[in-house]
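One structure is given here, and the rest of the page talks about it.
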Amino acid sequence: MDENEKLQIEKIKQDDVLTCKLTGWLDPNTSPSLVSEIDLTDVKTLIFDLTKVEYVFSSGIRAFLILQKMLEKNGGKVRLINVAENIRNIFEYAGLESMIDS
Amino acid sequence: MMQLGKFKQSNHSLKFKLNISILTFVCVAFFSLAVFISKYSAPILKSQLDDNAQKSVATYVSDFSALTMYAEQVILNTKNTLNHTTEDNIEAIKVLLNSALKTVSYVDLDFANAWLYVFQPENVSVGELYISSIAKDDAINFKIEHINNLYDKFPWFKQVPKQERIYWSEPYVDDKTGKSVFTCLIPFKFANQQDFNGLLALTIDLSNIQKNISEFSFYETGKLILLSKSGLYVTYPDPDVALKSTIFDLSDKLNVPQLRYIGKELAAGRGGQIVIDDIPAFDGSSGVFFYAPIKHLGWSFCLVYNEHEFLKPIKHFQIMTFIALLVSVALLMLIINWICHYSTKQLLTLSHIAAQYGSGNFAHNFDFEPTSSEIGTLAEALSKMRINLLNYIEQERHSASEKQKHQSELEIARHIQKSALSTVYPKNEAFAIATTMIPAQRVGGDFYDFFFIDENKFAIVVADVSGKGIPAALYMMKALTLIRNISRSKMNLDFVFSEVNKQLEEGNDTCMFVTAFMAVIDLRNGETTYVNAGHNPPLIGKNKTFNFLQTKKNIILGINPHAKYVAETIKLQSGTHLFLYTDGVTEAENNKAKFYGEDRLLKIFQKAHDAPQENVDMLLADIKKFVKNNPQSDDITMLDFVYLEQSKFPLQVRADITKLQEVLRLLQNDMLRYNVSAQGQFDMVVAAEEIFSNIASYAYDNEEGMVEIKTSCADNIYSVSFKDQGKKYNPLKRQDPDTTSEIKEREIGGLGVFLAKKVSDTISYEYKDGCNILSIGINVDK
């Protein structure tokens, strides 16, 4: 029995901007799918909408950093939007608040 | 409000204004009267003056006529007698002349003398003069003179005609007596002669007449002048003119042609009136001349007076008017001042009293005699106002105290009602609860309740009493007490509601009723019995998935005593919420007359939290957002209950990353028991995730192993400890990652424990009996 919630990713691509609306937790079980399920071909800007994300753990941050490094090769970047206040705090602790578009 | 008249403010006192207005009026009135009288009295006065002048002149003319005619009569009689006398009869002549003188002197005329000149008809220049003269003592002397040079003595002798007619001479000065005289002459003849023998003459002294005339005065300036036939002044104010100048001389000398006109008129025997301007004797004023002839003599009288003479009485009148005006004004001022003083004294008293009333001091009741005067009316009105105000104040005071009493009673009612509602949430590991009740009025008809029926069964109730205010509150208290007391009989819920219904119906003449939902939860297994008496169905759900609980709708409480109530059952899973509320939530109305509604309620609960208090706060905030400033129309009552299975901790769990979410959910539920705040929960979940992941990933390398997790709460710190038997490792000693470097230079790993350290309030590691024990603590009020 797997009680773990799956991470839902809703993708919208417009030109070289890929917006992913995430629902669920970003934990060690779900975060790897973030990297595996997103096709970065022709993507310059990857936007994650965290409206429906309740928790972001270090594994989630790690996934964002991996994607960021992958995009950097082509001069792209990862942006985070609609980040709840307590999740924002986590990014601040990690010194990564610059990834968040307020 | 009554429109008050506008007062034109003036700085002058009433006294001043009255004085000015009344005095102005009086002055104008007096002045007009004076002008009117002057204007209309002038002609009357003038005509009266003219009349007087005319009469005076007429009197003198008639007197002088009578006098001279009498003299003529005497001389005519004497002549007739001489006609019968012979010239040698000297004695007879003497008697005759003496008699004539005497006769004339009787009429009080002062004759100078009477004489008879006898001459030969062929030589008038030589003759005898018989003179009879009368002395002051009435003694008459008679003498005879013989004279030759007749013309030297009587220059006008030649002019005496030979006819038997009386001739009056011009006035002249008698060389013997030095008196002004004039003479009346008539020719005569003796009885024995054919032709006339001489002249009979009567000389009249003018002195008395002159004196009489000069003493006459017409008012102040008027003078009477006697003129002879040739225009010679017989009398004149200036002695140099009398008997020396004629009116014609003076006309030329003074260059007053009107005088010549008067002279001519008189010579023609006409009388009249003429005004001549600029008379030097009158200081340049006009002179009025009245003149009238003495016809048989050819002489005339003339009365002259200053035309402005008649203005004198007017001037006099004006002065008197002015004095009267001054006196009247002075008197009026005295009277006005007295009235003003009297009136304003009363007014001042009244205004002083009014000022006292205005400042709230009504002690002064005053005794004004009731009069019909304005002051009396004002005083009466003020007195009435005082009584009315006192009554009004008394009423206000009474109603204010009534109001206050009512308010404080309401306050007490609210207090009693509030204290009847449970506010202290019991600390129990099997559930968490949060409530609120916001009355629309000071007291409401809604209530919630929660209480233990026994140590395992917990009851939750939400009810709504029809109506609002005190009656609803009283009925609500009754319902609340009944439900609580009957529930404690430990009977089934359907029986409880039937019994409550019966007792509520008793004596319920006003047909009030209650809708209610009640649930009793067995905290050991989540078995729940519930009954719904016409109330809104509660929400049930967990993990952000909520629905309305399907309930059988029983009849409302308090109406039908025979009603049956059917209870239903459901089994609550751990973490399941029961959210109870009243229609004040779903029927909260915004300013567009729209209700909050069940859809919006259901929608907001898809964001539900785990902690009941957060759900209550969330819903209240959303209702506030919906209604905005619209006033609350109904009581708003909520109760959120969450059932928690008996604690799973201490928990033995495989150190496997797939167990992560299960562990974290159990921790979330566990935290509900201790009312850990939302931030506290979040931080604990983040910290626990990192620690558990760390153990799952590294503690046992790739071997299987277990983790023992314990939770506890003390001194406001909720603590979780993780115990594993893996290799000895203190993660707290690991160096913190560099969080200041650029993103592209970041190492991917090493963040987990760092974050756990950051979010937790306490964190500690120990190695004991071959076990790694890592504890994290969170402040529950974070």
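Those protein sequence lines, which keep their order, are chains A and B.
If you count the first sequence from 1, position 91 lands on 91 in the numbering used here, and the numbers rise without skipping.
Remember, the numbering used here sits 102 above the position in the second sequence when you count from 1.
Even for Gly, the Cβ is constructed at its ideal location relative to N, Cα and C.
Residue 918(B) and residue 782(B): beta carbons closer than 8 angstroms?
This structure cannot settle anything about residue 918(B), because the visible part of chain B is limited to 103 through 884.
For residue 322(B) and residue 416(B), I'd like the C-alpha separation in whole angstroms.
15 angstroms
Consider the Cβ of residue 58(A): report whether some Cβ of chain B lies at a distance smaller than 8 angstroms.
Using beta-carbon distances, residue 58(A) counts as an interface residue toward chain B, with a partner under 8 angstroms.
Listing by chain order, which chain A residues have their CB less than 7 angstroms from the CB of residue 842(B)?
95
What are the residues of the stretch 770-791 of chain B that lie near chain A, defined by any Cβ-Cβ distance shorter than 7 angstroms?
781, 784, 787, 788, 791
Using a Cβ-Cβ cutoff of less than 6 angstroms, which residues in the same chain neighbour residue 907(B) once the five nearest sequence positions on both sides are dropped?
There is simply no residue 907(B) to check, as chain B begins at 103 and stops at 884 in what is shown.
Whose C-alpha, out of 531(B), 530(B), 520(B), is nearest the C-alpha of residue 538(B)?
When each option's Cα is compared against that of residue 538(B), the closest is 520(B).
Within 8 angstroms of any Cβ in chain A, is that where the Cβ of residue 763(B) sits?
Contacts with chain A at 8 angstroms (Cβ-Cβ) include residue 763(B).
Strictly below 9 angstroms CB to CB, what residues from chain B border residue 5(A)?
The contacting residues are 763.
Just mark residue 872(B) as buried or exposed, buried being the case when its beta carbon has 16 or more other beta carbons within 10 Å.
Here residue 872(B) is exposed. Its C-beta has fewer than 16 other C-beta atoms within 10 Å.
Please confirm whether residue 86(A) has its beta-carbon closer than 8 angstroms to some beta-carbon of chain B.
yes
Mind listing, in chain order, the continuous beta strand (DSSP E) runs of no fewer than 3 residues lying wholly within the stretch 570-597 of chain B?
none
Please list the partners that residue 61(A) has in chain B, where partner means a Cβ-to-Cβ separation under 7 angstroms.
853
Just the Cα atoms here: how many angstroms apart are residue 435(B) and residue 338(B)?
56 angstroms
Less than 8 angstroms between the CB atoms is what I'm expecting for residue 633(B) and residue 667(B), so what's the real figure, rounded?
Indeed, because the Cβ distance is near 6 angstroms, the residues count as touching under 8 angstroms.
Please tell me whether residue 884(B) has its Cβ less than 8 angstroms away from any Cβ of chain A.
no
Thinking C-alpha only, which one of 433(B), 175(B), 198(B) is nearest residue 124(B)?
433(B)
Is it buried or exposed, residue 133(B), if we count other Cβ atoms within 10 angstroms and call 16 or more buried?
exposed
Does the stretch 79-92 of chain A come into contact with the stretch 50-68 of chain A, if we say contact requires no fewer than three beta-carbon pairs (one atom in each stretch) closer than 8 angstroms?
The stretch 79-92 of chain A vs the stretch 50-68 of chain A: in contact.
Identify whether residue 673(B) lies in helix, strand or coil by the three-state DSSP scheme.
Correct three-state label for residue 673(B): strand.
Mind listing the chain B neighbours of residue 28(A)? Cutoff is C-beta to C-beta under 7 angstroms, in chain order.
759, 762, 795
State yes or no: is the beta carbon of residue 860(B) nearer than 8 angstroms to at least one beta carbon in chain A?
Output row for residue 860(B): interface = yes.
Which residues in the same chain as residue 440(B) place their Cβ atom closer than 6 angstroms to its Cβ, once the five residues preceding and following it in sequence are excluded?
none
Buried or exposed for residue 860(B), please, with buried defined as at least 16 other CB atoms from any protein chain shown within 10 angstroms of its CB.
buried
Going by DSSP, name the residue or residues bridged to residue 49(A).
In the DSSP output, where bridge partners are listed per residue, residue 49(A) has 21(A), 81(A).
Kindly list, in the order they appear in chain A, the residues whose Cβ is closer than 9 angstroms to that of residue 857(B).
Going along chain A in sequence order, the residues near residue 857(B) (Cβ under 9 angstroms) are 57, 58, 61, 90, 93, 94.
How do the stretch 500-519 of chain B and the stretch 479-489 of chain B stand: do at least 3 beta-carbon pairs fall below 8 angstroms, yes or no?
no
Rounded to a whole number of angstroms, what is the C-alpha to C-alpha distance between residue 550(B) and residue 775(B)?
21 angstroms
If you draw a straight line from the alpha carbon of residue 120(B) to that of residue 507(B), how long is it in whole angstroms?
57 angstroms
What are the residues that DSSP puts in a beta bridge with residue 756(B)?
Per DSSP, 808(B).
Return the Cβ separation of residue 47(A) and residue 20(A) in integer angstroms, given the expectation that the two are a contact with Cβ distance under 8 angstroms.
7 angstroms
Between the stretch 171-183 of chain B and the stretch 277-290 of chain B, do at least 3 Cβ pairs fall closer than 8 angstroms?
yes
Spatial neighbours of residue 743(B) within its chain, please: CB distance less than 7 angstroms, with the 5 preceding and 5 following residues excluded, ordered by chain position.
533, 535, 562, 679, 680, 714
Here's the rule: buried if 16 or more other CB atoms are within 10 angstroms of the residue's CB, otherwise exposed. What is residue 80(A)?
buried
My guess is that residue 824(B) and residue 797(B) are in contact by the Cβ rule of under 8 angstroms, so how many angstroms apart are they, rounded?
6 angstroms
I need the straight-line Cα distance from residue 135(B) to residue 410(B), nearest angstrom please.
22 angstroms
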